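Quick note: the sequence shown uses the numbering used here, first residue 1132, plus one each step.
Note that CB positions come from ideal geometry on N, CA and C, so glycine has one too.
Note that the structure is a prediction, hence the values are computed from the model and not measured.
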Amino acid sequence: MPRVITQACIGVKDAACTQVCPVDCIHPRPDEADYANVDQLFINPNDCIDCGACESVCPVNAIYPLEDVPEDLKSFIEKNANYYKK
Ligand code: SF4
Ligand code: SF4
């Protein structure tokens, strides 16, 4: 089960999580063109190995294990996945 980035990342987007992800499944990174176009970063649910490294470094606690995403933030599960369907 993947981790999910939620509401608190919006407007922060500091990319600390991208620096610790062992499988590079958090995008867009600041060095990618799409970075300027998004309001938050997204975890690819197909590639995430659920290691938790990103959750530990997020300064605003925006990242949750899929099964622990609070009820009012559940729409972010789809929002993360949708980014990778483009
Ligand atoms: S849980 Fe691990 S693999 Fe998944 S996005 Fe976070 S750092 Fe990457
Ligand atoms: S570390 Fe947290 S706030 Fe920073 S980009 Fe990742 S999810 Fe967003």
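Look at the Cβ atom of residue i, then the Cβ atom of residue j, and state whether they are nearer than 9 Å.
i: K1205; j: Q1171; result: no
i: P1161; j: A1184; result: no
i: V1151; j: P1176; result: no
i: C1156; j: I1194; result: no
i: M1132; j: D1181; result: yes
When the Cα of residue i is compared with those of the options, which residue comes out closest?
i: Q1138; options: D1203, K1216, N1213; result: D1203
i: D1178; options: I1141, G1142, N1211, A1147; result: N1211
According to DSSP, is residue i part of a helix, a strand, or is it coil?
i: Y1215; result: coil
i: V1151; result: helix
i: V1130; result: Outside the modelled stretch of the chain, which goes from 1132 to 1217, sits residue 1130, for which no answer is possible.
i: I1141; result: coil
i: I1180; result: coil
Using a threshold of 8 Å, is the CB atom of residue i nearer than that to any non-hydrogen atom of ligand 1?
i: I1208; result: no
Is residue i near ligand 2, in the sense that its beta carbon is under 8 Å from a heavy atom of that ligand?
i: V1234; result: Absent from the structure is residue 1234, since the part of the chain shown begins at 1132 and ends at 1217.
i: L1204; result: no
i: V1188; result: yes
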